[in-house]
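Protein chains in written order, with the working numbering: chain A, 14 to 303; chain L, 188 to 445.
Glycine residues also receive a C-beta, built at the ideal position from the N, C-alpha and C atoms.
Below is one structure, written out as structure tokens, with a few remarks after it.
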Amino acid sequence: MSVKDRDPLTGHQTTGHEWNGITELNTRVPRIVWFFIIVTHLWALIMWILLPTWPLVTTYTKGLLGFDQREVVKQDIVVANIARADWADRIATLPADDILKDPELMARVTGTAHQIFGDNCAGCHGTDAAGGPGFPSLIDTAWLWGGDTDTIMETLRVGINSNHPDTRFAQMSAFGRDGILPRDDIRLVVDYVQSLSGTAAPADRIATGGEIFANNCVACHGENGHGNTDLGAPNLTDAFWIYGGDDDAMFASIWGGRQGWMPAWEGRLSQTERKIITVYLQHLGQEALQ
Amino acid sequence: MLKTLLKPFARVFEFQAKTHYKMERHSMALTAGIILAAGVGGFVEIAPLFTIDDTVEDVADMRVYTPLEQAGRDIYIREGCYACHSQMIRTLRDEVERYGPYSLAVESKYDHPMLWGSKRTGPDLARVGDKYSDDWQVRHLINPRDLVPQSVMPQYAFLLEAPLRTDDLPGRLDALRMVGVPYTDDMIANAANDALGQAQPDGDRASGVLDRYGEATAVRVFDGQSGRLTEMDALVAYLQILGNLTDVAQNTQPMAEE
Numbered sequence: 014m015s016v017k018d019r020d021p022l023t024g025h026q027t028t029g030h031e032w033n034g035i036t037e038l039n040t041r042v043p044r045i046v047w048f049f050i051i052v053t054h055l056w057a058l059i060m061w062i063l064l065p066t067w068p069l070v071t072t073y074t075k076g077l078l079g080f081d082q083r084e085v086v087k088q089d090i091v092v093a094n095i096a097r098a099d100w101a102d103r104i105a106t107l108p109a110d111d112i113l114k115d116p117e118l119m120a121r122v123t124g125t126a127h128q129i130f131g132d133n134c135a136g137c138h139g140t141d142a143a144g145g146p147g148f149p150s151l152i153d154t155a156w157l158w159g160g161d162t163d164t165i166m167e168t169l170r171v172g173i174n175s176n177h178p179d180t181r182f183a184q185m186s187a188f189g190r191d192g193i194l195p196r197d198d199i200r201l202v203v204d205y206v207q208s209l210s211g212t213a214a215p216a217d218r219i220a221t222g223g224e225i226f227a228n229n230c231v232a233c234h235g236e237n238g239h240g241n242t243d244l245g246a247p248n249l250t251d252a253f254w255i256y257g258g259d260d261d262a263m264f265a266s267i268w269g270g271r272q273g274w275m276p277a278w279e280g281r282l283s284q285t286e287r288k289i290i291t292v293y294l295q296h297l298g299q300e301a302l303q
Numbered sequence: 188m189l190k191t192l193l194k195p196f197a198r199v200f201e202f203q204a205k206t207h208y209k210m211e212r213h214s215m216a217l218t219a220g221i222i223l224a225a226g227v228g229g230f231v232e233i234a235p236l237f238t239i240d241d242t243v244e245d246v247a248d249m250r251v252y253t254p255l256e257q258a259g260r261d262i263y264i265r266e267g268c269y270a271c272h273s274q275m276i277r278t279l280r281d282e283v284e285r286y287g288p289y290s291l292a293v294e295s296k297y298d299h300p301m302l303w304g305s306k307r308t309g310p311d312l313a314r315v316g317d318k319y320s321d322d323w324q325v326r327h328l329i330n331p332r333d334l335v336p337q338s339v340m341p342q343y344a345f346l347l348e349a350p351l352r353t354d355d356l357p358g359r360l361d362a363l364r365m366v367g368v369p370y371t372d373d374m375i376a377n378a379a380n381d382a383l384g385q386a387q388p389d390g391d392r393a394s395g396v397l398d399r400y401g402e403a404t405a406v407r408v409f410d411g412q413s414g415r416l417t418e419m420d421a422l423v424a425y426l427q428i429l430g431n432l433t434d435v436a437q438n439t440q441p442m443a444e445e
């Protein structure tokens, strides 16, 4: 280097730049910086050997530790499953009634189900499982396909009108749109069906509506309108309505038909998770009754 | 000790210092040097990914987006959905337990640009396909709070009114082919027809969609209004295919039955 000027005070070399008599020191790189540069380089060398690092055209060095994040997550899940196996196994094997009576297991069920339900079911059925327009409440006593443990488990597994090969299938015909019933007849059926759950209407309208009902609706909803859980046909005599029980909503249901859609959860939730949800819903239903 | 260690390299340091000293005084040489140094870093990190065999999994059943799904994807980008929704499930236990099998590179093989993201104001959407009904998706896009009262997502009701532009679809597919998506001439020529056909299950155009994109392709009225092709059709078709372009993730990561 050509610059040899030294600063008289510190003894360091200067850069040779000068601004009105002020010169710039050319101090050495501090030792601590050299120290860390060397340490980090050594660290990198060790990691090259231990972890996957260097590319070798079509493959790469795998490292002595055999570290693979995909294996790590697989192991994490296995470990987590073992950690909860003691209560998860009991939930999987015990009948729902026994679980409902066991406060310790129920604490596990409600704690876990809240997460699973929130991530998967609440989008339609709401965080409180009370449903909404078009989505049934899961905490009332009315179950389209039946409310015992096995039936709920099956509904969760295959879904309703879903793309699962074993899916439950239910369709309410579009009586008006498809020209099966004229507009006025549908109005009469609405009056009749409302009378089943205690809404008053002129007696002659109810009588005529009842005849139309007997000719068109009993195959699925039954002679008394109590529905049929084998077909997913709702009970029309109770106070629970998925699509609404007022004149206009019922007219819309009969005119345009209904075909609810519930996804199959077999590919997304394990059998134990589906059991937890089932027991959780039965628990919520019992709470709602009290 | 440090001095003894460094002593053998004294001449290297001297050379480095001298060159550095000279370069600092020549701005163009300095610029070239910086570009070269940064380029080495980029090259050794990126270039091997193109040659290493298992960067992208080799999967036979992976299919390209149909024109309708691709149009939906473009709407997804236009509306900035990616600003709040990621599309990548990471290899972490909590993500796998919540969203399903972690994402594989092959699942984004035909994504240009990819929409992995890391910002999650809303949930990850990598496996949202078939999780909810079309009807749910439409109602949710019209007003999210009708279905999820605590949602902060904006409303997209206008998509239901906006007719989908199809005349530019061949051009869009052609552009994607230039960057490596294997669209055939047949697919490009029929792009506009296929977009219409995928949302008209009863029409004449539907069979062509199944011929070109596979029997498993969802052909139905996505937005609930038959006879009209809207942007809602396209966006819902896209949302329903997310995670369903290939089954490889579900097959290679079977769900742990506890």
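Tell me the rounded alpha-carbon separation between E236/A and I428/L.
Going by the C-alpha atoms only, they are around 43 Å apart.
Please report how far the alpha carbon of L69/A lies from the alpha carbon of E232/L, in whole angstroms.
Each residue's Cα considered, the two are about 12 Å apart.
DSSP-derived helix/strand/coil call for N176/A
Three-state result, N176/A: coil.
Any beta carbon of chain A sitting closer than 8 Å to that of W303/L?
W303/L does not count as touching chain A.
Cβ-based neighbour list, L297/A, same chain, cut-off 6 Å, excluding 5 preceding and 5 following
Listed in chain order, the non-local C-beta contacts of L297/A below 6 Å within the same chain comprise A142 and I152, local neighbours out to five positions each way being set aside.
Proximal residues, the region 239–255 of chain L versus chain A, C-beta separation under 7 Å
From the region 239–255 of chain L, only I239 and D240 have a Cβ closer than 7 Å to chain A.
Residue-level contact to chain L via CB, R44/A, 8 Å cutoff:
Taking CB atoms only, R44/A has a neighbour in chain L less than 8 Å away.
Give a yes or no on whether the minimum CB-CB distance between D317/L and chain A is below 8 Å.
Chain A, which has a Cβ nearer than 8 Å to the Cβ of D317/L, makes this yes.
Proximity test, Cβ basis, 8 Å: V171/A and chain L
No, no contact with chain L.
Delimiting residues of the alpha helix (DSSP H) encompassing I50/A:
Going by DSSP, I50/A is part of the alpha helix (DSSP H) stretching over R44 to L63.
Using DSSP bridges, identify the partner residues of Q437/L.
In the DSSP output, where bridge partners are listed per residue, Q437/L has none listed.
Once you ignore the five residues that flank E266/L on each side, which residues in its own chain have a CB closer than 7 Å to its CB?
The beta carbon of E266/L sits closer than 7 Å to those of Y343, all from its chain and outside the five residues before and after it, given in chain order.
Cα-Cα separation between P235/L and T291/A, rounded to whole angstroms
The alpha-carbon separation between P235/L and T291/A amounts to approximately 50 Å.
Contact set for Y73/A: own chain, Cβ-Cβ below 8 Å, skip 5 residues either direction:
Excluding residues within five positions, the ones whose Cβ falls inside 8 Å are P65, T66 and W67.
Every unbroken alpha helix (DSSP H) inside the region 253–286 of chain L [4 residues or more]:
Taking 4 residues as the minimum length, the alpha helix (DSSP H) runs contained wholly in the region 253–286 of chain L are 254–265 and 280–286, in order along the chain.
Determine the contact status of G269/A and A187/A, defining contact as a CB-CB distance below 8 Å.
Yes, Cβ-Cβ distance for G269/A and A187/A is below 8 Å.
Positions along the region 98–125 of chain A whose CB lies within less than 8 Å of some CB in chain L
Under the 8 Å Cβ criterion, the region 98–125 of chain A contributes A98, A101, D102 and A105.
I want to verify the contact list: residues of chain L whose CB lies under 8 Å from the CB of I90/A, in sequence order.
Per Cβ cutoff of 8 Å: R280, V283, E284 and A443.
Check this for me: beta carbons of G136/A and L312/L, under 8 Å apart or not?
Contact: no.
Is it right to say L58/A is buried, meaning 16 or more other beta carbons lie within 10 angstroms of its own, or is it exposed?
Counting Cβ neighbours within 10 Å, L58/A comes out exposed, since fewer than 16 surround it.
Nearest neighbour of H177/A, chosen from L351/L, P357/L, D317/L and N380/L [CA to CA]
The residue from L351/L, P357/L, D317/L and N380/L with its alpha-carbon nearest to that of H177/A is D317/L.
Using 8 Å as the threshold, is the C-beta distance between G172/A and P276/A below it?
For G172/A and P276/A, yes; Cβs fall inside 8 Å.
So, does the CB of M14/A fall closer than 8 Å to a CB anywhere in chain L?
For M14/A, the predicted structure reports a pLDDT of 43, less than 50, and the residue's modelled location is therefore unreliable. A value from the coordinates is still provided. Closer than 8 Å to some Cβ of chain L, the Cβ of M14/A qualifies, so yes.
Option in T154/A, Q295/A, L201/A and I289/A with minimal Cα separation from R103/A:
For the options T154/A, Q295/A, L201/A and I289/A, the alpha carbon positioned closest to that of R103/A is the one of I289/A.
Thinking C-beta only, is W100/A closer than 8 Å to R121/A?
Contact flag set, yes.
Would you please verify whether the beta carbon of Y73/A is less than 8 Å from any beta carbon of chain L?
By this cut-off, Y73/A is an interface position.
What residues are listed by DSSP as bridge partners for I35/A?
Answer is W32/A, bridged to I35/A.
Just confirm the distance between the C-beta atoms of I225/A and D198/A, as a whole number of angstroms; I'd bet it's less than 8 Å.
Confirmed, Cβ separation roughly 5 Å.
Outcome for N377/L when other beta-carbon atoms lying within 10 angstroms are tallied against a minimum of 16
Looking at its Cβ environment, which holds 16 or more other Cβ atoms inside 10 Å, N377/L is buried.
Which residues in chain A sit within 8 Å of Y263/L, going by Cβ to Cβ distance?
The contact set of Y263/L on chain A, defined by CB atoms closer than 8 Å, is empty, because the minimum CB distance reaches about 19 Å.
So which of V227/L, G411/L, T353/L and P388/L has the shortest CA-CA distance to A405/L?
Answer by Cα proximity: P388/L.
How big is the Cα-Cα spacing for L432/L and A379/L?
The straight-line gap from Cα to Cα measures roughly 21 Å.
Three-state secondary structure (DSSP) at M119/A?
In the structure shown, M119/A adopts helical secondary structure according to DSSP, grouped into three states.
So with CB distances below 7 Å, who are the chain L contacts of W47/A?
Those are L189, listed as they occur along chain L.
Please list, in chain order, the chain A residues whose beta carbon lies closer than 7 Å to that of Q437/L.
Within 7 Å Cβ-Cβ: G280.
Presumed contact (8 Å Cβ cut-off) between M249/L and K296/L, rounded CB distance:
Correct: roughly 6 Å between the Cβ atoms.
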